[in-house]
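Below is one structure, written out as structure tokens; the observations come after it.
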Amino acid sequence: MANLDIELITPSLRPQYQAMLDRNPGQTEFHQAVHEVLISLEPLVGKKPEYTDLAILDRVIEPERQIMFRVPWADDAGNVHVNRGFRIEFNSALGPYKGGLRFHPSVNLSIIKFLGFEQIFKNALTGLPIGGGKGGSDFDPKGRSDAEIMRFCQSFMTELQRHIGPDTDVPAGDIGVGGREIGYLFGQYKRIRNRFDAGVLTGKGLTWGGSQVRTEATGYGLVFFAQEMLAAAGTSFEGRTCVVSGSGNVAIYAIEKLQQLGAKVLACSDSSGYVVDENGIDVALLKDVKEVRRGRIADYAAERSSARVVTDGSIWDVPCDVALPCATQNELHQDDARTLVKNGVILVAEGANMPTTPEAIDVLQGAGVLYAPGKASNAGGVATSALEMQQNSGRTSWTFDVAEKRLHEIMVDIHRQCLDTAAEYGKPGDYVAGANLAGFIKVADAMVAHGLI
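Under the numbering used here, the first residue of the sequence shown carries the number 3, and numbering increases by one thereafter.
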């Protein structure tokens with residue numbers, strides 16, 4: 003478990019943190035997300051009295067709405083299953099709630115709340131008019147037929163459709179929810195509502211309202227952000243060795259963009275282990291294995307003579323210049339960080355949400371490693387989702403080049419915000435402080451303007 007010492011939080015903010023703990027017992031991931039943000043807010047204490055007068059922090063921590071519902075569905079053999087569905091509509095100060103749906107057996111209220119809380123500030127950093135929310139279910143799509151997944155998605159959307167809309171709450175995909183699932187969810191929404199609200203979901207197919215670059219956006223955006231970090235330090239990706247955890251959407255397209263920028267990606271992973279490829283990951287083969295065949299990382303190694311599979315240890319044992327954790331929360335631990343530092347890592351940027359434990363962050367920052375939190379470095383996905391909403395509103399579509407250019411501009415601007423805000427509040431070069439402060443200030447100022455609601 004992460005070290006969430008209340009003493010690390012400035013004294014004037016401890017009552018809010020303690021109240022959150024008391025009201026949300028057992029929600030460890032949510033506690034961790036709140037703790038990380040509150041540590042960064044010390045420079046604001048006393049400088050923004052209106053935040054205290056209107057209890058902004060107390061209100062940011064408490065979701066505007068928490069929805070939990072049952073999802074009954076039948077498998078191909080006719081057996082009935084009951085899963086639990088969630089949607090946390092956390093904060094709408096900047097726009098309609100926006101955030102993905104995660105289908106994974108680990109999903110519970112704590113995980114959805116931590117993801118939704120992170121989403122508030124991530125979305126604020128994009129500069130686009132979107133609030134923060136998150137949702138999902140403890141349904142496991144792995145090993146299920148297309149027909150079973152369709153029936154589950156239809157049951158899930160039958161309840162969720164009551165709470166969403168293009169100007170209210172706009173879900174997207176996340177772990178376990180890709181183009182197939184978005185299609186089934188959208189079809190059921192359209193069937194029940196009897197209208198084609200293209201902007202109600204993002205991550206749609208290109209022929210029915212989707213955006214170019216949405217599939218690539220989180221991975222590409224992560225690399226664009228890391229590229230800016232390296233440039234600020236006077237270097238680049240050219241000739242660098244990289245390790246990317248995961249082998250889903252984010253990891254695949256991060257690997258693709260890294261290679262386009264001259265880096266060599268040595269390793270990637272899934273829940274069964276990791277693969278090391280000394281010649282560099284063959285991204286075309288990886289896409290075929292993971293996206294087309296829905297196979298395991300061992301299937302990649304079986305077809306690649308330069309690759310080997312490792313089923314024990316940690317992917318972070320592989321020496322590299324750049325490490326991009328793109329799998330899941332709390333995957334990079336203190337010992338992993340020490341190994342990375344010992345092996346000469348110069349940059350760690352998060353492609354997943356909260357993949358680095360607080361103790362590991364301390365090790366990385368203490369060693370002078372460039373470190374970027376996911377709310378800044380992986381914001382490209384939700385940014386391009388908001389651009390998809392923009393195209394849907396105008397009933398138009400952009401070319402790949404136009405959409406990628408906008409994504410790149412947004413990631414460059416997020417990097418600038420992080421560094422400028424960190425410097426303004428006495429934390430030069432601290433991307434964690436910069437991201438948390440910049441995102442929080444945008445949301446808080448909007449909440450002040452809206453009054454006590």
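All C-beta atoms, glycine included, are put in the ideal place defined by N, C-alpha and C.
By alpha-carbon distance to residue 387, the top candidate from 24, 202, 34 is 202. Residues 435 of the same chain have their beta carbon placed closer than 6 Å to that of residue 429, with the five preceding and five following residues left out of the count. Between residue 263 and residue 239, the gap from beta carbon to beta carbon is short of 7 Å.
Burial state of residue 379 is buried, judged by a 10 Å Cβ sphere holding 16 or more other Cβ atoms.
Residue nearest to residue 393 within the set 192, 214, 56 is 214 (criterion: CA-CA distance). Sixteen is the threshold: when 16 or more other Cβ atoms of the shown chains lie within 10 Å of the Cβ of residue 162, as they do, the residue is buried. Rounded to the nearest angstrom, the Cβ distance from residue 168 to residue 199 is 5 Å, consistent with a contact under 8 Å. Residue 72: member of the beta strand (DSSP E) spanning 67-76, first to last residue. Rounded to the nearest whole angstrom, the CA to CA distance from residue 346 to residue 323 is 6 Å. By the Cβ-count criterion, residue 124 is buried, with 16 or more other Cβ atoms from all chains shown falling within 10 Å of its own Cβ.
Of all C-beta pairs linking the stretch 91-108 to the stretch 131-145, three or more are shorter than 8 Å, placing the two stretches in contact. Residue 136 has 90 as its beta-bridge partners, per DSSP.
A Cβ-Cβ distance of about 4 Å is found for the pair residue 309 and residue 279, placing them in contact under the 8 Å criterion. Beta-bridge partners assigned by DSSP to residue 349: 324, 372. In the structure shown, residue 13 falls within a helical segment according to DSSP collapsed to helix, strand and coil. Per DSSP, the beta bridge partners of residue 358 are 334.
Straight across, the Cα-Cα distance linking residue 135 with residue 30 is about 18 Å. Residue 59 and residue 53 have their alpha carbons spaced roughly 7 Å apart. Relative to the Cα of residue 365, the nearest Cα in the group 334, 382, 384 belongs to 334. For residue 229, the CB contacts under 8 Å within the same chain, skipping 5 residues up- and downstream, are 238, 239, 263 in chain order. Judged by DSSP in its simplified three-state form, residue 170 adopts coil rather than helix or strand. Residue 425 and residue 87 have their alpha carbons spaced roughly 42 Å apart. Cβ-Cβ distances below 6 Å link residue 448 to 95, 96 in the same chain, with the five nearest sequence neighbours on each side left out; the list follows chain order.
With contacts defined as CB atoms closer than 7 Å, residue 102 and residue 176 qualify as a contacting pair.
The residues 243, 282, in chain order, have a CB closer than 6 Å to that of residue 266 in the same chain once the five nearest residues on each side in sequence are set aside. With a contact defined as Cβ atoms closer than 8 Å, residue 390 and residue 204 qualify at about 5 Å. When the Cα atoms are used, residue 36 and residue 63 turn out to be separated by approximately 7 Å. Taking the Cβ atoms as the reference, residue 302 lies roughly 5 Å from residue 291, within the contact range of under 8 Å.
Here the C-alpha atom of residue 120 lies approximately 25 Å from the C-alpha atom of residue 342.
Taken atom to atom, the span from the alpha-carbon of residue 377 to that of residue 438 is near 8 Å.
For residue 336, the CB contacts under 7 Å within the same chain, skipping 5 residues up- and downstream, are 359, 361, 362, 365 in chain order. Secondary structure of residue 201 (DSSP, three-state): helix.
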